[in-house]
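Asks: The numbering of the sequence shown is our numbering, which starts it at 13 and goes up by one.
Using N, Cα and C, we set each Cβ at its ideal position, and we do this for glycine too.
On a predicted model such as this, the values are computed, not experimentally measured, just so you know.
First the structure, which I've put down as structure tokens, then a few questions once you've had a look.
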Amino acid sequence: MTAQRGERRLQWLALAIWTGFILLETLIDPGILPMAIVWAAHGLLLMMLLRVGLERAPSRGGARLAVFLVAPIAAAFLQTILDFVATRWIGEALLRGLTAPPPGYVVSPIGLPPLLVFKISLRSYLWIFSLYAAAVALLAVTRNESRAREDVYAARLKAQRAELDALRLQVNPHFLFNALNGLASVANRERAGEIERMALGLARFYRGSFVEIDRETLPLSEELENAQAFLELESLRLDKLAFHLDCPDDLLGAPVPAMILQPLVENAVKYGVAGHDDPPPIRIMVREMEGRIELVCESGLSPYPDPPGTGSGLVNVRRRLENAFGPAGTVFQEHGEDRWRVTLTLPRAGVGEPVG
């Protein structure tokens, strides 16, 4: 609930309370309407002042409780006194149409002992102002809960952004070194075509991975292009690396978390190609199953892979999917003696807000 909406609700509640007050007084005797309007007018003013005072009360602790207990009592006393003063000063002129003192009347200018009238009025106004104070307190609690949820949401977004930035900075630290060495090797063999292809591939990969840092989601087509650029560059370093991408055309525009495939293709190269005499192709497959998108990365398992890493890649992927989609975002890993496969599942609709 926004602050402005809450303010409007309290204003409408105050108007409703005093409109109801006027109607009830008029039901007792229509001739009391002018005076009831006067009582309701200063009652409404007091209620607005009460709300301002309560909203400025300490945020927590005994002091806040004391303010919310004392303020309605003070407002009820003031309202009762103002009723008496107004009735004494202008009641004779405004109540000429009143033929007899109505029994049980909230503030009767005639016919009832003043102390009894004061007690009856005070009791009634205590209920009115206390209920309004309770509404202010309830709104404050609701508003604080809303702010807390917004803070949690902002913190999660910040954490997701930090994870994404960290992932960009953790892209295989040897990748650029290997790519530049590959360029130097090709240059020594005077293969200008490959040099151009490697340079363009390197530029394309780093543009997708680092330059477009403000994009937390990408169309699936761009995510696949980034994975392809990475694999093409690695294939120049590892001659036996081959890969296949398979994605239906109608899924290419689906939004996915940026760089969600990067840890998968890195692992596929690291554990499925490096040190393997005849590695099977790395396969990246996309399919739709019951309104969900499945991203599958599959590779062989090398008997002599590169040195193992920290294992944080898939952990980060799993956490990012859970933050973005809740239980609908999953990571499933399976491997046999010579095959390795990871399946990511996410909703077809795309990236939503972090789930609480």
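1) From this set, S311, S233, R135 and I29, which residue's C-alpha is nearest F89's C-alpha?
2) Can you have a look at N238 and say buried or exposed, based on whether 16 or more other CB atoms are within 10 angstroms of its CB?
3) Rounded to a whole number of angstroms, what is the C-alpha to C-alpha distance between T92 and W51?
4) Below 8 Å, can you find three or more Cβ-Cβ pairs linking the segment 129-148 to the segment 51-69?
5) Using the Cα positions of G348 and G284, report the straight-line distance between them to the nearest angstrom.
6) For the ligand MG, any of its heavy atoms closer than 8 Å to the Cβ of L127?
7) Here's the rule I'm using: 16 or more other beta-carbon atoms within 10 Å means buried, otherwise exposed. How should W139 be labelled?
8) Could you pull the start and end residues of the beta strand (DSSP E) that P46 belongs to?
9) Less than 8 Å between the CB atoms is what I'm expecting for A211 and P269, so what's the real figure, rounded?
10) Buried or exposed: which applies to E346, given that a residue is buried once 16 or more other Cβ atoms fall within 10 Å of its Cβ?
11) Looking at the unbroken alpha helix (DSSP H) that takes in L313, where does it start and where does it end?
12) Could you say which of D95, R76 and R72 lies nearest to G55 if we only look at CA atoms?
13) Within a Cβ cutoff of 8 Å, which residues of the same chain sit near A26, ignoring the five residues on either side of it in sequence?
14) Is the beta carbon of L245 sitting closer than 9 Å to the one on A152?
15) Can you tell me whether T99 is buried or exposed? The criterion is at least 16 other CB atoms within 10 Å of its CB, across all chains shown.
16) Name the one or two DSSP bridge partners that D258 has.
17) Going along the chain, which residues of its own chain have a beta-carbon closer than 8 Å to the beta-carbon of I34, five neighbours each way excluded?
18) Counting C-beta neighbours from all protein chains within 10 Å, is the total for I102 16 or more, i.e. buried, or is it exposed?
19) Going straight from the alpha carbon of M271 to that of E235, what length do you get?
20) Once the 5 residues before and after T355 are set aside, which same chain residues still bring their CB inside 6 Å of it?
21) Can you tell me whether P231 is helix, strand or coil according to DSSP?
22) Anyone know if the C-beta pair for R295 and P359 falls short of 9 Å?
23) Determine the extent of the beta strand (DSSP E) in which E278 is found, giving its start and end residues.
24) Closest by CA to L214, which one among L230, P231, Q240 and S233?
25) By DSSP, does H249 sit in helix, in strand, or in coil?
26) Grouping DSSP H, G and I as helix and E and B as strand, with all else coil, what is P366?
27) In its own chain, which residues sit with a C-beta less than 6 Å from the C-beta of L250, not counting the 5 before and 5 after it?
28) What does the alpha-carbon distance come out to for the pair A87 and A78?
Replies: According to the structure data:
1) Answer by Cα proximity: R135.
2) N238 comes out buried.
3) One C-alpha to the other measures close to 9 Å.
4) With a cut-off of 8 Å, the segment 51-69 and the segment 129-148 count as touching, because enough Cβ pairs lie within range.
5) A straight line joining the alpha-carbon of G348 with that of G284 spans about 12 Å.
6) By its list of ligands, the structure shown contains no ligand whatsoever, and the ligand MG lies outside what it can speak to.
7) Exposed is the call here.
8) Per DSSP, P46 belongs to no beta strand (DSSP E); it is in the alpha helix (DSSP H), L45 to E67.
9) Not confirmed; about 28 Å, so no contact.
10) Exposed: under 16 other Cβ atoms inside 10 Å.
11) Bounds of any alpha helix (DSSP H) do not take in L313, whose DSSP letter is neither H nor E.
12) It is D95.
13) L56, M59, M60, R63 and Y144, listed in sequence order.
14) No. Outside cutoff.
15) The residue in question, T99, is buried, as its Cβ has 16 or more Cβ neighbours within 10 Å.
16) Its beta-bridge partners are M297.
17) Apart from the 5 residues on each side of it in sequence, I34 sits with its Cβ closer than 8 Å to the Cβ of L45, A48, I49 and A52 in its chain, given in chain order.
18) Exposed, by the Cβ-count rule.
19) For the pair M271 and E235, the Cα-to-Cα distance works out to about 7 Å.
20) So the qualifying residues of the chain are E306, V308 and F344.
21) Strand, per DSSP.
22) Taking 9 Å as the Cβ cut-off, R295 and P359 do not qualify as a contacting pair.
23) E278 -> not in any beta strand (DSSP E); alpha helix (DSSP H) instead, spanning Q274 to G284.
24) The candidate whose alpha carbon is nearest that of L214 is Q240.
25) Going by the sequence as given, residue 249 is Arg instead of His. Three-state DSSP puts R249 in a helix.
26) Residue placement at P366 is flagged as unreliable, the pLDDT there being 37, under the threshold of 50; the coordinate-derived value follows with that caveat. In this structure, P366 counts as coil in the three-state DSSP scheme.
27) The answer, listed in chain order, is V285.
28) Between the C-alpha atoms of A87 and A78 there is a straight-line separation of about 14 Å.
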